[in-house]
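Q: Protein chains in written order, with the working numbering: chain Y, 1 to 656; chain G, 1001 to 1192; chain V, 2001 to 2286. For glycine and all other residues, C-beta sits at the position ideal for the given N, C-alpha and C. Since this is a predicted model, take the numbers as computed values, not measurements.
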Amino acid sequence: MSKSGGEEPRIGVFVCHCGTNIAGVVDVKEVAEYAKTLPNVVYATDYVYMCSDPGQELIKQAIKEHNLNRIVVAACSPRLHELTFRRTVSEAGLNPFLFEQANIREQNSWVHMDNPEEATRKAKDLVRMAVAKARLLEPLEPKEVPVEPAVLVIGGGIAGIQASLDLANKGIRVYLVEKEPSIGGNMIRLDKTFPTLDCSACILTPKMVDVSRHPNITLYAYSEVVEVDGYIGNFDVKILKKPRYVREDRCTGCGKCAEVCPVTVPNEFDLGLGPRKAIYIPFPQAVPAVYTIDMDHCIKCGLCVKACGELEAIDFDQKPEEVNVKVGTIIVATGFELFDARQKPEYGYGIYQNVITSLQFERLVNASGPTGGQIVRPSDGKPPKSVAILLCVGSRDQKALPYCSRICCMYSLKHAHQIKEKIPDAEVYILYMDIRSFGKGYEEFYNRVQHEGVKLIRGRASEIWEDPETKNLIVRAEDTFLGKPVELEVEMVILATGVIPNPATEPIRKALFITQSPDGFLLEAHPKLNPMSTTVDGIYLAGMCQGPKDIPDTVAQASAAASAASIPILQGKIVIEPIVANVDENLCGGCGICESVCPYGAVTVEEVGGKRKARVNEAKCKGCGSCGAACPSGAITVLHFKDDQILAQVDALLTG
Amino acid sequence: MSELEQMEEKPTQRAVFEVIRSSEFDPEFAKVVASSGADEIVQCFQCGTCTGSCPMGRVSAIRTRQIIRMAVLGLKKVLATDELWHCTTCGTCYDRCPRDLKVTEAIVVMRMLAVREGHIPPNLARIVGYVYQYGHAVPINEEIRNLRKKLGLSELPPTTHSYPQALESVQKAMKATSIYETVVERGKPDRG
Amino acid sequence: MPNRYPGIELATRIVMKNLGIELVDMEGASCCPAPGAFGPADLFTWRVLGARNLSIAEKKGVDVLTVCNGCYKTLYEVNQDLKSDPELRERVNEVLRPLGYEYNGTIRVRHIAEYLHRDYGVEKLRGAVKKPLEGIKVAVHYGCHLMRPKLRRELGDSERPHLLEDIIEATGAECVEYKDMMICCGAGGGVRSYDLALSLTLTHTKIKNATEAGADCMVNVCPFCHLQLDRGQAELKEQWGVYYGLPILHYSQLLGLAMGIPPKMLGFEAHYVPVDSFLEKLKGII
Ligand SMILES: Cc1cc2nc3c(=O)[nH]c(=O)nc-3n(C[C@H](O)[C@H](O)[C@H](O)COP(=O)(O)OP(=O)(O)OC[C@H]3O[C@@H](n4cnc5c(N)ncnc54)[C@H](O)[C@@H]3O)c2cc1C
Ligand code: SF4
Ligand code: SF4
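1. Would you kindly work out how many angstroms separate the C-alpha atoms of V/T2012 and G/D1039, rounded to a whole number?
2. Count the other CB atoms within 10 Å of the CB of V/A2197; is the residue buried (16 or more) or exposed (fewer)?
3. Would you say V/L2249 touches ligand 1, meaning its beta carbon is less than 7 Å from a heavy atom?
4. DSSP state of G/R1186, grouped into three classes?
5. Go ahead and pull the three-state DSSP assignment for Y/Q353.
6. Measure the CB-CB distance between Y/C76 and Y/Y49 and report whether it falls below 8 Å.
7. Kindly confirm or deny that the region 444-451 of chain Y and the region 1028-1036 of chain G touch, where touching means at least three C-beta pairs closer than 8 Å.
8. Which ranges does the beta strand (DSSP E) cover as unbroken runs of at least 3 residues, wholly within the region 400-468 of chain Y, from first to last along the chain?
9. Counting only beta-carbon atoms, is G/S1178 nearer than 8 Å to chain V?
10. Which residues in the same chain as Y/L523 place their Cβ atom closer than 6 Å to its Cβ, once the five residues preceding and following it in sequence are excluded?
11. Just reading off the alpha helix (DSSP H) that Y/K277 is part of, what are its end residues?
12. Flag V/K2179 as yes if its beta-carbon sits less than 8 Å from any beta-carbon of chain G, otherwise no.
13. Around the C-beta of G/M1174, are 16 or more other C-beta atoms found within 10 angstroms, so that it is buried, or is it exposed?
14. Less than 7 Å separating the Cβ of Y/Q398 from some heavy atom of ligand 2?
15. Which of the residues in the region 2016-2045 of chain V, read from start to end, lie with their CB under 9 Å from any CB of chain G?
16. Can you tell me whether G/S1023 is buried or exposed? The criterion is at least 16 other CB atoms within 10 Å of its CB, across all chains shown.
17. For the alpha helix (DSSP H) that Y/P116 lies in, which residues bound it at each end?
18. For Y/Q398, does the count of other Cβ atoms within 10 angstroms reach 16, so buried, or fall short, so exposed?
19. Assign Y/L271 to one of two classes, buried (16 or more other C-beta atoms within 10 Å of its C-beta) or exposed (fewer than that).
20. Check whether the region 528-547 of chain Y and the region 248-260 of chain Y are in contact - that is, three or more C-beta pairs closer than 8 Å.
21. Checking contacts by CB at 8 Å: is V/R2153 closer than that to chain Y?
22. Is the CB of V/E2009 under 8 Å away from at least one CB in chain G?
23. Check distances from the C-beta atoms of the region 1129-1146 of chain G to those of chain V and list, in chain order, the residues that come in under 7 Å.
24. Determine whether the Cβ of V/G2127 lies closer than 8 Å to any Cβ atom of chain G.
25. Exposed or buried, what is G/P1011 when buried is set at 16 or more other beta-carbons lying within 10 Å of its beta-carbon?
26. List the residues of chain G whose Cβ lies closer than 7 Å to the Cβ of Y/R396, in chain order.
27. With a CB to CB cut of under 6 Å and the five nearest residues on each side skipped, what residues in its chain are close to V/K2131?
28. State yes or no: is the beta carbon of Y/W465 nearer than 8 Å to at least one beta carbon in chain V?
29. Using a cut-off of 7 Å between C-beta atoms, extract the partners of G/T1051 located in chain Y.
30. Do you know offhand how far Y/R121's Cα is from Y/C588's?
31. What distance in whole Å lies between the Cβ atoms of Y/K573 and Y/G590, which are believed to be in contact at a cut-off of 8 Å?
32. Hey, Y/A388 and Y/L488 are a contact pair by Cβ (cut 8 Å); roughly how many whole angstroms apart?
33. Note down, one range per segment and in chain order, each alpha helix (DSSP H) of at least 4 residues found wholly within the region 575-635 of chain Y.
34. Could you name the residues of chain C that Y/E491 contacts, counting a contact when the two beta carbons are closer than 9 Å?
35. Kindly examine ligand 2 and report whether one of its heavy atoms sits closer than 7 Å to the Cβ of G/G1057.
36. Give me the chain Y residues within the contact set of G/F1045, using Cβ-Cβ distance strictly less than 7 Å, ordered along the chain.
What follows is the structure, encoded as structure tokens:
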């Protein structure tokens, strides 16, 4: 199809000005003139914007006129325009991999602004190196693989629910895996949602029901993903269904069993504020509406079996069940957990009864919560007449979480409003460093809460003391506007605790070979242009697992992830970059070092004709070259970055 | 005393309001404070955790956050304030600062810079003088000598009190550093 | 300590002997020198004199053990600074070498409380107690510089520590919680000598809160805190006309009592607040 290697290289060099980005520092004409002196270069020129249409046209024309078969563009980083120029050369009839880009902007003109002469010299070095490699470039052919038309969604919070429904509505099969007995995530714990104060359950439960009814969604609740193998288009997933000891196909959710169960333990769904039985449903609207036995506490008295009667749904002998599914793409939506406020002992959480977390408050104020929506303090069950809300507990703290948790300012304003609504004469204080009310309608909500008489004190709380008799709390801080220490005696304290990735994300992250950013949240492919993808093809992110965000942002990202995850499936096949590792089986000794260093699980050592040889899964390989560098016998090379190509560059650098 | 406190104390008297002008900012000062051991105080985001934690701040006019603020802006007049010497170096602010700043060390460093500028509290000069003269900030007295004897301890402890040569080395060491000129000399009783 | 409360020195010597721990004197040591009262005069000199003291122990090949938080702060932090900064160490040694001293960074600095807790062990300590001080309520005073700044120690959390509680409870006594337990005695940082009245305000808070919580005595691990809490009560009586009479004991003294050492040998004469009433309470025990 296209001109290829083998023939004598005829190289064209194109030096870009990038306006003044490059030309303002580097003498581009001199670089182009210099390029003409290099071996095999038959044509060289410069142009103001190589990436523009006329710039690309220039390249195509030169290829035709000068019969060029290798192209070097000296411009910006290949991360930006390598694909552009590959397409350009391909349009002119060359194999797109007979192109090499020299980065004379990010790695030169931008960093050596003060030293134009040296920068020009460095540009020449970089061009010489690129030309040396171009001489040895080989044509490569991309591969195509078919795509399994199904998606795995991990995590059934609002992010996973939204993504699943979007995909299912497009006609794509979805396997939704949730580790807890019900879907709903943290949002189903909330009472009202800022800034519009709609009831969280009222807007979420319809979606949960849709999930359970949708013909395209298979829900695996109380299940975990234990193994993932394969690559974009073809992932093999092993799901473990944990035993509920209640048969999903028989349980009607009538609840007779829980009525008779004699064992009562704190309900983790209510964060310890309310009780549940050993056989339980975490909350009334749970999906699926199936009971679960907590075997750590069950005494096997059998009363529930009797109560269930003819339905015979209870099965003490249920075993874990393994399910295997095949999917083309995966969305991770494993959400968050609160930072453990015990790590800030100065606030006395876990020691002082009346110091609670924000999520506990959501359960307290929730009509379906343990107090039926009455705000009462834990020590005596009385409505508090004064409450202090402490912002940034754990967040924006180099000693805990360096990042801003993004939601606490707004939910705390909401909490202040809710207290004022239910206990109008209560004094409510919010201790804050900054109020970050950045979203649509958020500043207005802030204003409204101030209007309701909530007192905002600008200062981060320093410590809390409990009066042992009254169980009241004395909160110390500085009112930084007055420049004076303040002591507030209040009957209850709410800690606006920051958020961390759900710890159950970690095994998933490892199984999928995706990475995390320094804050521990999952890393997106690009912070601005691709926030819903990972760096692994075919794996996408939705919701809090990627970083702190509120519900509107979570839903937006979930829909974006669903859209991105559906693209390969709708295309039906995917093209795989041919820049992958390549094993010379004659040299490979089967030592397996490559397997241990590969960050993507793309190399495995297998038996080939009785001998152990490394095998590369081209769809998984990202061409990072870790294996090539580690291989003691030089058996693995990465195509397009072969040893001789790289050494030629090094030689060119040293012999300039 | 802060303006507000002045107002509170003498409600009839109007506080003097002053404008802080950028010409008072000494960029070198902030750098000197940082490089003398206070490190990254420019990262202070004025949360007030330090002031709220400060046990002294509840009984004196010391406002830890404001001391740091003045240093960050380069307001050198912080060195002349009385409050700078109210810190007990308890380290509570240091332990709680969410920006992980060495708050207490910043204060100690500023005290040292104050000393270099000639703001030497008499007690500091006295204590340094004692260390120079006896090797002890708290030298022994007659009463304690007797008690030591009574308890069966050596009359003088086995410190510089018992070893004149050791005391001499302490004095030589102090003479070899700038402390002798800045503090010991000035702190001698005849100089007041 | 030796020049104000020799009883603490004696108590420590006897207690350690009874526990089978050999103490070696650092002949010719000087003041640590005091971190707050001396340090700001010149931090470099502070390090030089601290390093001189450390080098005395280095020569004997033993770790330094202190019964004072101030000495602990100075010697621990100087040791830490000089170990981690070779350039600073060299500058310090340039002063010390001509005087016949050299700091090499070969030893560790230990505080008696932390040593007994971590190395000797709370269980063993309990075993060494002959007269468990049952029924005695102790208000614990950590003093700032044992635990703080926590980033410069390796003793864990400084907000709600239990190190002292553990070794005090090993004597059979009970610890009472009181408001603002972790605040400073008021003396540190040179404040006692800079502005006595100011320093006493914190002392007052502590003593008052501890008394209200029903403490029989307050136990500290620092002679300087000891001075402030003990003599401070006499000063409060004089200046404010308030008096609590809360006996102040160094941990060595408390442990001494629990090990059956006669009170006569613990130097209580030097105390401003008489401990008689407290000893009275112990009558049935010791
Ligand atoms: C106190 C509080 C109040 C809030 N109030 C508001 C508000 O008023 N308005 C607003 O917009 N936002 C609010 N938020 C934010 C809102 O809760 C989040 O934006 C939203 O819940 C994020 O949804 P998610 O699906 O990403 O995560 P989650 O809700 O955490 O859901 C993640 C789900 O994944 C599951 N999971 C995790 N790991 C695995 C695994 N390995 N395998 C299977 N399943 C797994 C979890 O069990 C969970 O069900 C509030 C947050 C808090 C803490
Ligand atoms: S605690 Fe730290 S960040 Fe906060 S005001 Fe004080 S020095 Fe600044
Ligand atoms: S170290 Fe000083 S400024 Fe900081 S809290 Fe203690 S007394 Fe206050």
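A: Let's see:
1. 39 Å
2. exposed
3. no
4. helix
5. coil
6. no
7. no
8. 427-432, 455-458, 463-466
9. yes
10. T515, Q516, S517
11. Careful: Y/K277 lies outside any alpha helix (DSSP H), inside the beta strand (DSSP E) at 275-277.
12. no
13. buried
14. no
15. D2025, M2026, E2027, G2028, A2029, S2030, C2031, C2032, P2033, A2034, P2035, G2036, A2037, F2038, G2039, P2040, A2041, D2042, L2043, F2044, T2045
16. exposed
17. 116-135
18. exposed
19. buried
20. no
21. no
22. yes
23. V1131, G1135, H1136, A1137, V1138, P1139, I1140, I1144
24. no
25. Bear in mind that a pLDDT of 49 at G/P1011, under 50, signals an unreliable position, so the number given afterwards is only what the model happens to contain. Burial call: exposed.
26. P1098
27. A2258, G2260, I2285, I2286
28. yes
29. E478, P485
30. 41 Å
31. Wrong, their Cβ atoms sit about 33 Å apart, outside the cutoff.
32. 5 Å
33. 593-597, 626-630
34. Annotation note: the requested chain C is absent from the structure, which comprises protein chains Y, G and V.
35. no
36. M433
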